[in-house]
Each structure stands twice: as structure tokens, then as C-alpha cells.
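For reference, the structure discussed in these notes is given below.
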Amino acid sequence: MDEELKCPVCGSLFKDPILLPCSHNICLACARNIIVQTPEGETPPHGSSSRASGTSDYDYLDMDKMSMYSETDSGYGSYTPCLKSPNGVRVFPPTMVGGGGGVHRQHCSITCPLCHRSVSVDERGLKGFPRNRLVESIVSRYQQSRAAAAVKCQLCDRNPVEATVFCEQCDVFYCAPCQQRCHPSRGPLAKHRLVPPNQAASAASAAARAGAAQQPPTQHPPATARKPATCAEHEAENFSIYCMNCKVPVCAKCMEEGKHAKHDVKPLAVMWKQHKCQLSQALNGVSDKAKDAKEFLVQLKNMLQQIQESGVEFEACLVAQCDSLIEALTRQKAKLLTKVTKEKEYKQKVVRDQITHCTMKLRQTTGMMEFCLEVIKENDPSGFLQISDALVKRVSSSQDQWVKGALEPKVGPEFDLTLSTDTLLQTILQLDFCQNKEPTLSEIIFPDGQETSLSNHTLPAGCEAQSEAEGVSPGVDSSPSVPAAPLLQLEKCCTRNNSATLAWRVTAPAGSPIEGYVLELDDGNGGQYREVYVGKETVCTVDGLHFNSSYNARVKAYNGIGVGAYSKTVVLKTSDVAWFTFDPTSAHRDIVLTNENLTVSCNSYDDRVVLGTAAFSKGVHYWEVCIDRYDNHPDPAFGVARINTLKDTMLGKDDKAWAMYVDNNRSWFMHNNSHTNRAEGGISKGATVGILLDLTQRTLTFFINKEQHGPTAFESLEGVFMPAVSLNRNVQVTILTGLEVPKTIKQ
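Numbered as in the numbering used here, the sequence shown ends at 1169 without a single skipped number.
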């Protein structure tokens, strides 16, 4: 209530408030500050001068369209802001104009600072506005209650607290502890009268008013004194009648002089009770709303606590789930390490056994060789011939022991174990919360997708013609026999890699079985919808969506009567980065794919091409190729190509591939058998080649061991492209996908 009792000009509680015709209040002193002078003879926009000529209060209240006189209209000096006004209400300094043997005040008007309605001030000045004694009384009671609420205990030693009782005999305010300690309810003090502090404050105020009444007549009465309300036109007359037309209280003389003679009037007391009843009824409605608001606030506060508790519980559950995954991964790690240890120990045992066997044979052979050399040194022919035949056979037999493969290791240093973590890594990166939504909601977030051309389908001719003839529009079912809008079953919708699966259901109308469904998608840029499926199935998988795009999808059903309404539109949000492998279906027959199609090699000495499973038509994409084997300095090529590029020659020899081929020293860009942009720096075993495709700028950029080569722009780089590699039998590479675009690119 504090704001209701403050003057809009000075910002303080009302003091001597007057009531403007617009029903807003203002302090009398503030009203003097915001009076604006108007040229003499001009018709005031609102106010008492109109009323003096017989115009009712109704008339000047409806003159809002007339503007307040400005400094330009009046020809007077500029306005000056009122220093007391928090609202910045502008005032005009009052001037007294002399002439004609006297001094007279120019015409003035006052503008309400709240609604900005202007009203003229007549010859009575501000006395012509009624004094709002009701607001004055409420302000007085409010000040008393606030003063009583601020009463402090008079016996507290430090930091006095609010008093709870007042002893009329002791004339002291006590708080509860001080009352028990200093004013117990026993003995002589039991006869003292204790009253609430506000009652004591009211009594003190009444005593002050009584004392003021006994003061000499020269002193002004206190501001809280109430006087009967009198008529503004006839100051000696009290209000006794209420004018129904003007909506104001009037006196008997106002009726006699004819100003309100023809108006509908009622007794003031009757209207007072009636308006009180109306206000009470209106307050009941507001009270119910306030009660609902309080209950709602309690509900929100309880919800805060519930959110806090649920958040703590959910965090604990999330930590437990992640810890469980980490624990499972740790156990699997231990198992894999055990397998590696066993493999290592097996290889070491084989090598040790082979070392022991070979050492023994070598020692025997060496001893025999030394013996043979000593025999050859002998000069006795007969003695030599006695043993030479047996010795020759023994040497030949020893030579036969070193058969082919005897001097080859039975095992190699490489471990024939390949750990594929790409699928698991992709799953971990896609680990997210499932939004539990009802099928009627209109958003689905799918993690992945690619873009290829979407096949166009058409409705049966009869259904399409029926739809156009009857004017069936999306979302409107014009016939009871037309199928209803399908409901998407979000619990059955899922995504995997570059495809999204949608499922729906609909109830067939009686006597008109559903003949099929039409699934439509836009182009990922908010463009027109295209039909991607027409058929009887209620489940459809859409392949080849753009990466980092949002598609709108909808479905409708049709039967022999016509086409039904569309379902709710769903949003398919695809992945920001591309996950893909090499495509065995598009590879040359000499290409060998291993490691779940992530590693590629070749059986031919000629260059052969293999494409990736992803297809790009817009955006920026980055992937890397790791060189697993590099023998005899070949020159593999890396880049992008169309689906129909040549597969039996180096990538970039035709006009359907854009690539960089590289050897152990240098690299070249190549397209349509044209070699450009030679750069120093080659590859070797263990090197990494990064490929950055920017279809917005139509450029290809390569990175050899993080060193940038390019970018190179190609005007013809527009359309649909697949990642591509060409290599021969001297090279083996592994592709790495799902990578973020490098942050720093040199132009």
C-alpha cells in the first residue's frame, strides 16, 4: 500500500492531497509547482473554465485529444524541471502581469503527472479542486500504524528489539524478555494494565490531538484533524447528494441553482453504501486471485526445493552410471591387456625356442666345419681318404638340415590384434539424455545424417486429383471418411549413422481403409517439402541427410476418399561432424578392406580408387588418413570424387575427382590430369594426411603431419562428393572420421 499513498511528483506520502478530475491525487504544494501558464484568451484544453460556462465534468474528461500547451504554442520561455519531482515533471515559473491599474494572474493549467491529462485552473486557483480527505485519513492511519510498528523496547541494553507490550502505569514499552525480567505478572505489578504497542501509540496520538485542541486559537490544528467535506462551489454547504450523471457528490445548492437539476441524483448515504458493496465484491475477486498467487508462490518455493533434491539425486545417479561404464571399461581393458600379454609371451617363447634350436645346430655345424678344416690340413693321403668319404656325406647331410625356412622367424614382431574403438568412441560422443516427450510434441533431435539426392514419389493419380478437387489442406480434415492426422511414435523413432527412422500410427475411418502414407521432408534450409516415401508401411528409414542441419518432417495418410491431414511437424537435427568408412561396394576389385572397412590396401602395383560411405553437398568437413605402410616411395592420392569417377587410375586423372598426390618428398594438387601447387614435404610410415573440404568456399586444404598445404580453390567443386583415396600394393592406410575442423587455417 505504500506506493498507493505516495505523491507522483514529490515521491513522499500525500500531504494535503487534492483530487484532479482524472481521479488521480497530488499534494497541494506539488500542484503549485507544476502549474503551467497559458495565453490569455485561449480556450483551455480541460478544466474549470469550461465548467463555469455550464459544461459538465463529463465534457472536459473526454477532451484527451487536445494537447497541453507547449512553450512553442504559448510563446513563453522554456520549461524548467521541478527539483522535487522524481518523475521529472516540467513546470513553468509563475509570473504576475501588471496592467489596467492592477495585477492579475494569467490563465493557468495543470497536467496530471500520471495520465498526462490537462485541466484549467479557474479564478479560485487550486481551491477549486476538492481536497481528498479520505486519502488524507488513510495516510494518517498508515503513519500511526507504521510508527507503532517501529516502537522499540526501552529497557534493552544493546540493539533494542521491537516492543510487544506497553505498561500504562509505568509508561514503558517492553519486549518479551524484558517484561519477564523487569515487569513480572505478580505482586504489585500484577495490577498494572498492559496493552499492545499500537494501542498505546493510538492513545498517544489521541492525547496529542486533545492537547492541540486546548492550545490558543492562533496555532494551527494538527494535520490529522478531520473536517466535514464541503462543496467546492459552495464552501458552506456539505455534500448530501450524489449526481449519477457527473459521478460526483454535490450539495443542495448545486441542485437548486440548476446545474444538476436535470441530472439523475440519489442520496449520498445510499450511494455510499452501494459503492462500498461494489468495492467489497470486487475486492473478493481480487482476494481470490491474491490467494491463488500466494499458493502459487508456495508451490514455486516447494518446487525450488524439489529441483534441488532431484538435481542432487540425478547427479548421483549420473555419476554412478558413468562410474559403472568406467568400471566396465577398466575390466575390459584388463582382459585386453591379458590377451596382449599372452600373445607377447607366446611370441617370445617361440622366438626363444627358435634361438635355442638354431644355436645348437649352429654350434654343431661350426664344430664340424672346424674339424673338416683340420682334416684338410693333413698331408697323409691314405689317412685322408679313410675318413673323407664319410666326412663328405656328413657335411652334405648337415647342409640339408638348413632347409628353406629354417632361417626365417616363425613369428613376426607385429601383433595380429586390432582394437576397433571408433564405434565405441562414436557412441560415447553421442551419449546424451533422452527427452521423455509425448508423441504429440513437435521436436525430435537426431544425432547423425548425410545428404544425397532424395527420390521423388507421387501419390496415386486418383488420390492426388481428389485432394486438389476437394481442397484438402494440411491440418484440415474436410470429410469424416478421410484418414485422421497420423501420430508419430517417438519411442520407436531412432537414428544410426547417416539414417533416421520414423514410425507413426493412425486409426482408419470406418468403411474406408487406409491405402498408404506419404512422408515429406524439407531441404534442411526451411525450404519446400519433398516426398521421400509413399507406401503402406508405418515405418520409414531416410538415408542421406546433410550433416549439421535441421530437417522438418511430416506424414499424412490417404485412402480412396482422399488425403488426410498432416501430422505434427518434427525436427530432425543431424550430427555436426561426419562418421563414415570406406565403401566396399564402390571400390575397385583389387582393393582390400579390413578393420571394419576402416583400413584399405591394394593387391595391384597400379593405382586403384576406393570411395567413402559419406556424401557431402554443403558445409565444411574434415577427416584424416593414417599411413600404416609405405614401401618403395609410391605416390598415393587423397581427396574427393564423384560416384562415377574412374576406379582404375590415380585419383584426379579425370574431371570427376579433386585430390593431392604425395611421395616421400613433395606433393601436388591434381584435377582433370592437371598438376598444380607443388609443395615440399612428403609422407612416410606413420604419417597423417588431413583433408579439409569447404563446399562454401569451394576449396580443398591438406595437412601433412599438421603442416598445411593449400587451400586450393576449384570452381567446378559443386555438387555431391565422396571422400576418396587411390593407392597401390606398396601402401596401406586407415581412415579417421568424426573430427572437428582445424581452428587455424592459413589462407
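Backbone N, C-alpha and C define an ideal beta-carbon position, used for all residues, glycine too. The model shown is predicted, which means the values in this text are computed figures rather than measured ones.
Just the C-alpha distance for residue i and residue j, rounded to the nearest angstrom, thanks.
i, j, result
"Asp998", "Lys1040", "12 Å"
"His697", "Glu558", "20 Å"
"Asp710", "Gly550", "40 Å"
"Ala411", "Thr849", "Residue numbering for the chain in the displayed model covers 423 to 1169; residue 411 lies beyond these limits and cannot be assessed."
"Thr1071", "Asp1012", "12 Å"
"Glu1162", "Ser1096", "30 Å"
"Val1142", "Leu751", "39 Å"
"Ser662", "Asn724", "54 Å"
"Thr1156", "Asn1150", "14 Å"
"Phe1136", "Gln911", "45 Å"
"Thr788", "Leu829", "16 Å"
"Ile798", "Gln821", "18 Å"
"Leu758", "Ser1106", "30 Å"
"Leu435", "Leu442", "17 Å"
"Ser542", "Ser445", "15 Å"
"Glu836", "Cys1048", "17 Å"
"Ala925", "Leu909", "9 Å"
"Gly609", "Cys699", "51 Å"
"Pro606", "Ala612", "7 Å"
"Cys600", "Gln621", "19 Å"
"Glu737", "Leu851", "19 Å"
Report, in whole angstroms, the separation of the C-beta atoms of residue i and residue j, which I expect to be a contact under 8 Å.
i, j, result
"Met1144", "Ala1009", "Not confirmed; about 11 Å, so no contact."
"Gly1104", "Asn1086", "4 Å"
"Glu393", "Cys668", "This structure gives no information on residue 393, because the portion of the chain shown stretches from 423 to 1169."
"Cys537", "Leu577", "Contact flag wrong, Cβ pair sits at about 51 Å."
"Val964", "Ser921", "6 Å"
"Val1111", "Leu1073", "About 13 Å; that fails the 8 Å criterion."
"Val817", "Cys794", "6 Å"
Go ahead and label residue i buried or exposed: buried means 16 or more other beta carbons lie within 10 angstroms of its beta carbon, across all protein chains shown.
i, result
"Cys676", "buried"
"Ala453", "buried"
"Thr502", "Note that Thr502 scores 38 on pLDDT, short of 50, meaning its location in the model is unreliable; the coordinates nonetheless yield the value given after this. Exposed: under 16 other Cβ atoms inside 10 Å."
"Asn1025", "exposed"
"Ser819", "exposed"
"Asn455", "buried"
"Met666", "exposed"
"Gly957", "exposed"
"Gln399", "The first residue shown for the chain is 423 and the last is 1169, placing residue 399 beyond what the model contains."
"Lys1069", "buried"
"Thr1067", "buried"
"Ser971", "buried"
"Lys1165", "exposed"
"His614", "exposed"
"Ser702", "exposed"
"Trp824", "exposed"
"Lys716", "exposed"
"Asn554", "buried"
"Leu747", "exposed"
Residue i and residue j: beta carbons closer than 9 Å?
i, j, result
"Ala1101", "Arg1088", "yes"
"Leu1033", "Asp1076", "no"
"Thr1016", "Val961", "no"
"Val1147", "Pro1058", "yes"
"Phe1002", "Thr1159", "yes"
"Ile440", "Cys534", "no"
"Val773", "Val833", "yes"
"Glu913", "Tyr939", "no"
"Asn1152", "Arg1051", "yes"
"Lys428", "Ala451", "no"
"Ala585", "Pro619", "yes"
"Asn1099", "Gly1132", "yes"
"Thr1134", "Thr1118", "no"
"Lys684", "Glu655", "no"
"Cys597", "Val617", "no"
If we define contact as Cβ-Cβ less than 9 Å, is residue i a contact residue for chain B?
i, result
"Asp1053", "Here there is only one protein chain, and chain B is not present."
With three or more beta-carbon pairs closer than 8 Å as the criterion, would you say the stretch 1115–1125 touches the stretch 1040–1048? With the cut-off at 8 Å, the stretch 1115–1125 and the stretch 1040–1048 touch.
Is the stretch 840–850 close to the stretch 1015–1032, with three or more CB pairs under 8 Å? With the cut-off at 8 Å, the stretch 840–850 and the stretch 1015–1032 touch.
Would you be able to state if there are at least three C-beta pairs under 8 Å between the stretch 932–946 and the stretch 962–980? Touching, yes, given that three or more Cβ pairs across the two stretches are closer than 8 Å.
Touch test, the stretch 679–697 against the stretch 583–591, Cβ-Cβ under 8 Å, three pairs minimum: No, the stretch 679–697 is not in contact with the stretch 583–591.
At least 3 beta-carbon pairs within less than 8 Å: the stretch 805–824 vs the stretch 977–993: Judged by pairs of C-beta atoms under 8 Å, the stretch 805–824 does not touch the stretch 977–993, as fewer than three such pairs exist.
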